[in-house]
Structures are given as structure tokens and as C-alpha cells.
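Participant:
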Ligand code: MRU
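As C-alpha cells, then:
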């Protein structure tokens with residue numbers, strides 16, 4: 191996608207030196223577009239933990255490049271396993287991180303040490319390219335949902351509510367739920383996006399609003415608590431969100447607050463769709479509420495807020511009463527029964543085991559073996 195007319199991806203290998211890894215520092219958005227150069231795996235781990243890069247598919251792709259950086263210095267079996275474990279421990283909820291590292295390990299274990307670093311760059315590039323094509327296809331498969339609503343609304347904008355940031359900066363390119371929105375907008379469908387602020391880190395007001403603004407998509411930022419009210423008053427035609435992990439029975443882990451939106455959507459007969467790439471599927475778990483590990487982040491993210499003051503300085507200030515403690519679970523799980531359907535790169539399906547197996551029959555063998 192483009193920033194002010196210049197095409198970007200969210201991660202790339204520096205064309206000047208051919209090996210260092212470039213990312214956009216998402217902790218500086220929307221105030222500044224700063225490109226970081228990562229040269230070793232510790233920087234990559236820090237980038238993922240501190241959320242300089244974030245979004246389930248992107249952290250997988252960046253971790254893959256982190257492994258490639260490490261293997262340039264030490265391509266031994268011990269380094270391969272140790273660095274993969276270190277990178278895999280940076281964030282617990284999004285399965286894409288583990289998926290990407292497992293794919294890297296499968297590709298690299300059989301490769302002789304002398305050729306491992308080159309093979310790692312090739313495997314990381316394959317993961318990144320796969321994500322780009324996957325996200326493009328997700329947009330195509332979601333488009334008919336928006337077209338159908340637009341046909342009923344005859345010229346009035348389709349109102350879409352989204353949570354967190356599921357755009358091109360959350361993936362390698364295009365995004366997941368936002369890929370659907372971009373493709374609908376580019377197809378000329380009039381639409382308007384309600385952007386949940388997404389406290390505590392404000393991925394909605396800082397990142398999604400920035401992305402949509404750069405692409406010319408009409409949108410309005412709302413407080414996280416406004417969605418239910420908007421749905422009661424017919425102001426939301428469809429909820430479109432992404433996910434960090436989908437279980438075999440269709441439960442959906444996503445940014446904290448997603449569950450409350452799904453409950454409100456259910457109560458108001460608003461369709462609630464979830465967009466995901468194959469790398470977000472975790473067919474090894476069934477009950478998302480019980481089995482998906484939920485990241486707990488620093489309580490300061492809840493007790494404080496970061497923004498730009500009128501003199502242009504980016505500042506963090508405390509908003510909670512002095513001395514009060516905070517709690518910061520970063521994700522929640524929406525049970526499958528509240529999900530209207532899933533949008534994948536292979537098409538749409540029910541949020542059920544049968545629905546998922548219909549699109550991903552390669553997992554039938556695992557199910558049969560249990
Ligand atoms: O904590 P974050 O910002 O990494 O959380 C991201 C989300 O929850 C997204 O909705 C999710 O990764 C799916 S879209 C790529």
C-alpha cells in the first residue's frame with residue numbers, strides 16, 4: 191500500500207546491503223513515519239515485544255527475518271533452535287508467530303550450516319510473499335459481503351465497524367479485515383468506517399484511522415464503548431474484525447474488546463465477520479476461552495495515554511488516579527456462536543469445525559487421528 195503516493199510494505203530487506211531488515215516503527219505512528227533498520231535478532235525481539243511491529247501476520251514475518259539475521263553470525267543447530275525459541279516467546283497470543291517460526295525450522299533443520307543463512311532469507315521471503323497474496327485474496331472473498339449490503343442500501347454508504355488495526359501495517363501488505371474495506375472502497379462502493387479507538391494502545395485511533403485517511407476511506411473514530419449504541423440505532427451494517435488465533439471450533443481471539451462488540455452485534459442482529467489468513471488457524475486447540483493464552487501487558491498502558499500535544503510534542507501522561515493499580519489483558523476470545531462467519535484466502539465459511547475443514551481439508555487427517 192502507499193504512504194503519500196510511495197509504495198511500502200511493513201517489512202523488507204534493505205536493497206542497499208541485501209541483508210538488514212527494515213520496518214516501519216508503529217509506536218511512532220501516526221505522528222511520524224520512521225523506518226528502523228534491524229541487524230540482529232535481539233533488535234527483532236525488542237521490536238515485536240515493544241510493538242514497533244505488531245499485528246498477528248506481521249510479527250510472524252518479522253520473526254522469520256529475525257531468525258535469518260541470527261543465522262548470518264551463527265548457523266549452528268543450537269543457534270537455530272535457541273533463537274527460534276527466544277523469538278517465539280516474545281508474544282503469546284497470536285499463533286502466526288509460532289506458525290512462521292515452525293515453518294522456518296522445518297525448512298532450515300535439514301539444510302547444512304554453510305547454506306542456512308541464505309535458505310533462511312529465502313524462507314522468510316516466502317512467508318512474506320505468502321502473506322501478501324493471502325491478504326489480497328481475503329479482500330476479494332470479503333468483497334461480496336459489502337456488495338450485497340450496498341445493493342440493499344442503494345447509494346447510501348455501507349457502515350462498517352472495526353476494532354483494533356487489521357490493515358496493511360498489521361500484515362506484510364493489504365491487511366485482513368481492512369483488505370476487504372480497501373477492495374470495496376477501490377471498487378467504488380460508498381462506505382464509511384466506524385473506527386473503535388481500541389484502548390489501551392489506541393491501535394484504532396492511531397493506526398487504523400491513519401491508514402484509512404492515507405487511502406481516502408471515509409471514517410470516524412469512536413470511543414470503544416460507542417459501538418453498542420451505534421448498533422441499536424441502525425448505524426452499523428456489518429462488523430469486520432481480524433484475529434490473532436482461530437480455534438478448530440471457530441472461537442476467535444482478537445484485541446481486547448472484540449468480544450463485547452460481538453455481543454452487541456448479536457443482540458442487534460448485526461452481522462459479525464472475522465477475516466483471517468491460514469497462518470492464524472490453530473487446529474490444535476478447540477475451546478478458545480480455556481485454551482488460548484492471553485497476553486497480559488504492562489498496566490501502565492491502561493493507566494497512561496500517549497498523544498501529541500498542541501506544540502507538536504509526543505507525550506505520555508497518566509490519566510488514572512495516582513496510586514490506583516491497573517490490569518491489562520491484551521486480547522479476549524469471542525465464542526464461535528457469536529461469529530457470523532469467517533473470511534479466509536480460500537473463501538468464506540461458518541465459524542465451525544465443519545466450516546473450517548471444508549476450506550482446509552488438509553486438517554482432516556489431524557482430526558481423524560485424535
Ligand atoms: O496487539 P496487536 O496490535 O498486535 O493486536 C493486533 C490485533 O488484535 C489484530 O486485530 C490482529 O492481529 C488481527 S489483524 C492482522
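In my numbering, the protein residues as written are 191 to 560. We put the beta carbon where it would ideally sit given N, CA and C, even for glycine.
(1) Rounded to a whole number of angstroms, what is the C-alpha to C-alpha distance between residue 327 and residue 512?
(2) Check whether the region 457-476 and the region 485-495 are in contact - that is, three or more C-beta pairs closer than 8 Å.
(3) Mapping the DSSP letters down to three states, classify residue 484 as helix, strand or coil.
(4) Go to residue 328, then tell me how far its alpha helix (DSSP H) extends in each direction, as first and last residue.
(5) Note the first and the last residue of the continuous alpha helix (DSSP H) segment covering residue 217.
(6) Quick one: is the Cβ of residue 373 within less than 8 Å of any heavy atom of the ligand MRU?
(7) Any idea which residues DSSP pairs residue 349 with across the strands?
(8) Please say whether residue 445 and residue 520 have beta carbons closer to each other than 9 Å?
(9) Can you tell me which of the three DSSP states residue 553 falls into?
(10) Could you please give me the residues that DSSP links to residue 437 through a beta bridge?
(11) Return helix, strand or coil for residue 197, following the three-state DSSP convention.
(12) Buried or exposed for residue 500, going by 16 or more other Cβ atoms inside 10 Å?
(13) Going by C-alpha distance, which of 509, 405 and 470 is nearest residue 191?
(14) Does the distance between the C-beta of residue 241 and the nearest non-hydrogen atom of the ligand MRU fall short of 8 Å?
(15) Does the distance from the C-beta atom of residue 219 to that of residue 359 stay below 9 Å?
(16) Mind reading off the beta-carbon distance from residue 350 to residue 371? Whole number of angstroms is fine, and I expect it under 8 Å.
(17) Which value, in whole angstroms, describes the spacing of the CA atoms of residue 324 and residue 514?
(18) For residue 347, which residues of its own chain have a beta-carbon under 8 Å away from its beta-carbon, when the five flanking residues on both sides are left out?
(19) Quick check on DSSP: helix, strand or coil for residue 285?
(20) According to DSSP, what are the bridge partners of residue 415?
(21) Our contact map puts residue 295 next to residue 253 with C-beta atoms below 8 Å; I'd like the distance itself, whole angstroms only.
Facilitator: With the given structure in hand:
(1) For the purposes of this step, residue 327 is taken as the residue at position 137 of the chain shown. For the purposes of this step, residue 512 is taken as the residue at position 322 of the chain shown. Near 48 Å, if we compare the C-alpha coordinates of residue 512 and residue 327.
(2) Taking a cut-off of 8 Å for Cβ pairs, the region 457-476 and the region 485-495 do not touch, as fewer than three such pairs fall below it.
(3) Walking along the chain shown from the start, residue 484 turns up at place 294. Shown here, residue 484 sits in coil according to DSSP, grouped into three states, outside any helix or strand.
(4) Locating residue 328 in the chain shown gives position 138, where the first residue counts as 1. That run of the alpha helix (DSSP H) goes 303-343.
(5) Here residue 217 is taken as the residue at index 27 of the chain shown, counted from 1. Per DSSP, residue 217 belongs to no alpha helix (DSSP H) and is neither H nor E.
(6) What you label residue 373 is simply residue 183 of the chain shown in a count that begins at 1. Residue 373: no, Cβ never under 8 Å from the ligand MRU.
(7) For the purposes of this step, residue 349 is identified with residue 159 of the chain shown, where counting begins at 1. Paired residues: 382.
(8) As a position in the chain shown, residue 520 is number 330, starting the count at 1. As a position in the chain shown, residue 445 is number 255, starting the count at 1. Cβ distance < 9 Å, so residue 520 and residue 445 count as in contact.
(9) Taking the chain shown and counting its residues from 1, the one referred to as residue 553 is at position 363. In the structure shown, residue 553 falls within a helical segment according to DSSP collapsed to helix, strand and coil.
(10) In the chain shown, counting from the first residue as 1, residue 437 sits at position 247. Within the DSSP secondary-structure output, residue 437 pairs in a beta bridge with 472.
(11) By one-based count along the chain shown, residue 197 stands at place 7. Here residue 197 sits in strand by DSSP.
(12) By 1-based counting over the chain shown, the position of residue 500 is 310. Classification of residue 500: exposed, given that the 10 Å Cβ count is below 16.
(13) Taking the first residue of the chain shown as 1, we reach residue 191 at position 1. The shortest Cα separation from residue 191 among 509, 405 and 470 belongs to 405.
(14) Taking the chain shown and counting its residues from 1, one reaches residue 241 at position 51. Under cutoff, so the answer is yes.
(15) Walking along the chain shown from the start, residue 219 turns up at place 29. Walking along the chain shown from the start, residue 359 turns up at place 169. Residue 359 sits close to residue 219, with the two beta carbons spaced by under 9 Å.
(16) In the chain shown, the residue the question calls residue 350 occupies position 160. In the chain shown, the residue the question calls residue 371 occupies position 181. Indeed, because the Cβ distance is near 6 Å, the residues count as touching under 8 Å.
(17) Translated into the one-based positions of the chain shown, residue 324 becomes position 134. Translated into the one-based positions of the chain shown, residue 514 becomes position 324. Near 44 Å, if we compare the C-alpha coordinates of residue 514 and residue 324.
(18) Position 157 of the chain shown, counting from 1, holds the residue named residue 347. Hits under 8 Å: 380, 381, 382 and 408.
(19) What you label residue 285 is simply residue 95 of the chain shown in a count that begins at 1. Annotated three-state conformation of residue 285 is helix, per DSSP.
(20) For the purposes of this step, residue 415 is taken as residue 225 along the chain shown, with counting starting at 1. BP columns for residue 415 are empty, so no partner.
(21) Residue mapping note: residue 295 aligns to position 105 of the chain shown, counting from 1. Residue mapping note: residue 253 aligns to position 63 of the chain shown, counting from 1. Residue 295 to residue 253, Cβ: 11 Å. No contact.
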